[in-house]
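In what follows, a single structure is set out as structure tokens and then discussed.
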Amino acid sequence: MLPRTLHQIGVATVSYNRTLREWETETEQSLLSFPAGKSGEAAARWKAIELSNPALFIILKKMIANYPELQSRAWKIGELILNGHVKLVPSPPDEGLFATVKSRTRDDVTHDITFDGYHFRCTCEDFWKDNCPRIRWHSQRTCTHVAATMATRHIQQEESPYEPITTEAALPY
Ligand SMILES: [Zn+2]
110 MLPRTLHQIG VATVSYNRTL REWETETEQS LLSFPAGKSG EAAARWKAIE
160 LSNPALFIIL KKMIANYPEL QSRAWKIGEL ILNGHVKLVP SPPDEGLFAT
210 VKSRTRDDVT HDITFDGYHF RCTCEDFWKD NCPRIRWHSQ RTCTHVAATM
260 ATRHIQQEES PYEPITTEAA LPY
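Encoded structure:
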């Protein structure tokens with residue numbers, strides 16, 4: 110059997126099955142398959158997020174509906190949150206360090222998210238690239254780490270984070 114790369118996302122693993130040429134999302138209860146290719150991979154990762162945390166899944170889908178420019182980054186944002194990479198600073202100062210986010214792809218890298226009273230900033234390379242999405246107020250640059258920080262804060266502010274969230278007020282931005 111050929112080696113497989115497994116990606117743990119919350120309660121599920123996502124992998125590519127070279128024999129069957131399909132992406133698979135597996136939990137203790139189920140094994141779901143998706144077509145080969147990038148869209149199949151994204152669908153497999155989205156399913157892992159949905160199975161792990163339905164409320165987070167809904168938040169991310171709403172985020173994309175409001176900010177389509179975040180579409181390609183959204184499952185990465187979900188992975189960062191589900192895999193515990195986001196650590197909010199308790200009672201953060203009005204200006205200064207707000208959170209740290211461990212890199213999704215590099216174990217030895219952690220990014221600092223700071224707030225200057227107006228914008229969030231991240232220490233990653235993506236944050237300053239021309240194609241980094243800019244959203245809503247103040248044209249906030251929104252790398253995956255900034256978005257994951259904002260979504261995590263939103264979830265923590267909810268009384269019951271794992272209840273389905275359906276109101277407009279629940280939007281993370
Ligand atoms: Zn970043």
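For the sequence shown, the numbering used here gives the first residue as 110, with consecutive numbering after it. Backbone N, C-alpha and C fix where the C-beta goes; we use that ideal spot for every residue, glycine too. As the structure is a prediction and not an experimental result, all values here were calculated from the model.
Distance CB(residue i)-CB(residue j) smaller than 7 Å
i, j, result
"I298", "A257", "Absent from the model: residue 298. The displayed extent of the chain is 110 to 282, so no value can be given."
"V123", "A152", "no"
"F207", "V218", "no"
"H254", "Y227", "no"
Distance, residue j Cα to residue i Cα
i, j, result
"G149", "D203", "42 Å"
"T136", "C231", "33 Å"
"E234", "I173", "22 Å"
"K211", "H194", "5 Å"
"W155", "A260", "16 Å"
"L141", "E133", "6 Å"
"A183", "S139", "24 Å"
"T251", "E131", "31 Å"
"F229", "F143", "36 Å"
Environment of residue i [buried if 16+ CB atoms lie within 10 Å]
i, result
"T114", "exposed"
Min CB distance residue i to chain C below 7 Å
i, result
"Q117", "The question asks about chain C, but that chain is absent: this structure has only one protein chain."
Taking one C-beta from the stretch 116-133 and one from the stretch 173-192 each time, how about it: are there three or more such pairs within less than 8 Å? yes
Take every Cβ of the stretch 123-133, pair it with every Cβ of the stretch 164-180, and state whether three or more of those distances are shorter than 8 Å. no
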